[in-house]
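Residue numbers (our numbering): 2 to 391.
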């Protein structure tokens, strides 16, 4: 099943506008349903939730290993390996075994390689033809990169069919049906969306966790208050137990406000018939966009907007909720928001219970952690190093 390179290339921009004939035929609620179904907490309860929690435990143990062995640990690297393993379990039916490795696998390296390309193409659309004609023999190796993403997508489809044969589900079970329940979603589109999800599902959650650790360790009073709340948890907490911890949820929400994983514009095309926004009429075919960065730092909605203040979420106003676009909104809201929240809550609770005596390394500074926008954010230094306090 070969995928047209241009289609995959476009898919990896992660925000395609609504001029894709195949994708636009699928209603937004259906898109949300097929992907969110295996991600809903009800379905993730039991063995699947426990499995994901055990992955968090393993990666926190890796962080502890690094702290003991090397005297420091790059949490950005560990979170990236962890989110890739979680995605492997959900999309492919098995993890990639990163817990056993200290180095990044090929998929992690490919996602890291493609994000700068996505960032350039998103901000400078006129560069797209340039990327499309770069010879394969140049060091960028774009043709090989696109082909590997194609293979990842094809493997996700194969794994889904194999899982269904055994009565199990993966991320794409609602799109990949057996012959008795065939539908009009071509394999090429499923592969395309699988490659898209692989790209979107690794860096975004990993970078949110990275900035969460950095921000909490910068604010000792927040760290201590969070640790006190986490001490009440059992060894293997369920998501509903984590969800009831108000300060943990406030910290996560405030980090996502100040450090949205995708801070830039999300373009959309106004459909036939045009649209209306307040007193403004917007003609059909107009490209419009919203972005989380400015909305989530609006001083009229968030007093003292640059201050990290988890307590502002004790009693959020309707406007505060409406201005949080870290997962987008409406029918095209982020398909993986539930698994992202599950991952964030489990990872944070496990880290700060297991590694209470940690601090930022001297090399981890405001300058090194300055956010660089590759469509998804990353710290300028490409790492976030922590060290033991004792």
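Glycine residues also receive a C-beta, built at the ideal position from the N, C-alpha and C atoms.
Because the structure is a prediction, the values reported are computed rather than measured.
Bounding residues of the alpha helix (DSSP H) (the contiguous stretch that carries residue 370): No alpha helix (DSSP H) holds residue 370; DSSP gives it neither H nor E.
Write down the C-beta distance between residue 313 and residue 303 rounded to the nearest angstrom, noting that I regard them as a contact closer than 8 Å. Right, their Cβ atoms sit about 7 Å apart.
Give the straight-line distance between the Cα atoms of residue 80 and residue 58, rounded to the nearest whole angstrom. Looking at the two C-alpha atoms, the distance is approximately 12 Å.
To the nearest angstrom, how far is the alpha carbon of residue 166 from that of residue 66? Cα to Cα, the separation comes out at about 39 Å.
With a CB to CB cut of under 8 Å and the five nearest residues on each side skipped, what residues in its chain are close to residue 283? Within the same chain, residue 283 has close Cβ partners 271, 275, 276, 277 and 289.
Would you report the Cα separation of residue 375 and residue 118, rounded to the nearest angstrom? Answer to the nearest angstrom: the Cα atoms are 8 Å apart.
If you reduce the DSSP assignment to three classes, tell me which class residue 266 lands in. In the displayed model, residue 266 falls within a strand according to three-state DSSP.
Three-pair Cβ contact test at 8 Å for the stretch 224-235 versus the stretch 362-374: Flag = no, the stretch 224-235 and the stretch 362-374 do not touch.
Own chain residues within Cβ distance below 8 Å of residue 324, not counting five before or after: In the same chain as residue 324, and ignoring 5 residues on each side of it, the C-beta atoms closer than 8 Å to its own belong to 296, 297, 299, 302 and 303, in chain order.
Nearest-angstrom Cα distance between residue 78 and residue 105? Rounded to whole angstroms, residue 78 to residue 105 spans 8 Å at the Cα level.
Report yes if the C-beta distance between residue 350 and residue 267 is below 7 Å; otherwise report no. Going by beta carbons, residue 350 and residue 267 fall outside the 7 Å limit.
Please classify residue 147: is it buried, with 16 or more other beta-carbons within 10 angstroms of its beta-carbon, or exposed? Its Cβ being crowded by 16 or more others within 10 Å, residue 147 is buried.
For a test of the three-state rule: what should DSSP assign to residue 174, helix, strand or coil? Three-state DSSP puts residue 174 in coil, outside helix and strand.
Continuous beta strand (DSSP E) stretch holding residue 308: start and end: Counting along the chain, residue 308 falls outside any beta strand (DSSP E), and DSSP gives it neither H nor E.
Determine the DSSP secondary structure at residue 277, reduced to helix, strand or coil. DSSP places residue 277 in the strand class (E or B) of the three-state scheme.
Please give me, in chain order, every unbroken run of the alpha helix (DSSP H) with length at least 4 that falls completely inside the stretch 75-131. For the stretch 75-131, the full-length alpha helix (DSSP H) segments reaching 4 residues or more read 76-88 and 107-124 along the chain.
Based on DSSP bridge pairs, tell me the residues matched to residue 393. Only positions 2 to 391 of the chain appear in the structure, and residue 393 is not among them; the question remains open.
Kindly indicate the opening and closing residues of the beta strand (DSSP E) around residue 203. No beta strand (DSSP E) contains residue 203, which DSSP labels as neither H nor E.
Leaving out the 5 sequence neighbours to the left and right, which residues in its chain are closer than 8 Å to residue 264 when beta-carbon positions are compared? Excluding residues within five positions, the ones whose Cβ falls inside 8 Å are 292, 293, 294, 372, 374 and 378.
From the DSSP output, which residues share a beta bridge with residue 282? The bridge partners DSSP lists for residue 282 are 277.
Taking the alpha helix (DSSP H) that residue 134 falls in, what are its first and last residues? Unbroken run through residue 134: none, as it is neither H nor E.
Have a look at residue 209 and residue 191 and give me their C-alpha separation to the nearest angstrom. Distance between residue 209 and residue 191, taken at the CA atoms: about 27 Å.
Alpha carbon to alpha carbon, how far is residue 235 from residue 343? If you draw a straight line from the Cα of residue 235 to the Cα of residue 343, it is about 16 Å long.
For the beta strand (DSSP E) that contains residue 297, what are its first and last residues? Here residue 297 belongs to no beta strand (DSSP E), and DSSP marks it neither H nor E.
Grouping DSSP H, G and I as helix and E and B as strand, with all else coil, what is residue 383? DSSP, read as helix, strand or coil, puts residue 383 in coil.
Between the beta-carbon of residue 88 and the beta-carbon of residue 202, is there less than 7 Å? For residue 88 and residue 202, yes; Cβs fall inside 7 Å.
Straight-line Cα distance separating residue 334 from residue 35: Since pLDDT at residue 35 reaches only 36, below the 50 mark, its modelled position is unreliable, and the value read off the structure follows with that caveat. Cα to Cα, the separation comes out at about 13 Å.
Any idea if residue 339 is buried or exposed, counting beta-carbon neighbours within 10 angstroms, 16 or more meaning buried? Label assigned to residue 339: buried.
In the DSSP output, which residue or residues are listed as bridge partners for residue 290? Partner(s): 268.
Measure how close the beta-carbons of residue 212 and residue 252 come, nearest whole angstrom, since I'm counting them as under 8 Å. In fact, because the Cβ distance is near 11 Å, the residues do not count as touching under 8 Å.
Mind checking if residue 221 is an interface residue toward chain C, Cβ cutoff 7 Å exclusive? Looking for chain C here will not work: only one protein chain is present.
Can you name the start and end residues of the alpha helix (DSSP H) that residue 344 belongs to? First-last of the alpha helix (DSSP H) with residue 344: 338-355.
Which of helix, strand or coil DSSP assigns to residue 378: Three-state DSSP puts residue 378 in a strand.
Considering only C-alpha positions, which residue in the set 249, 206, 174 and 241 is nearest to residue 225? Residue 225 has its Cα closest to that of 249, out of 249, 206, 174 and 241.
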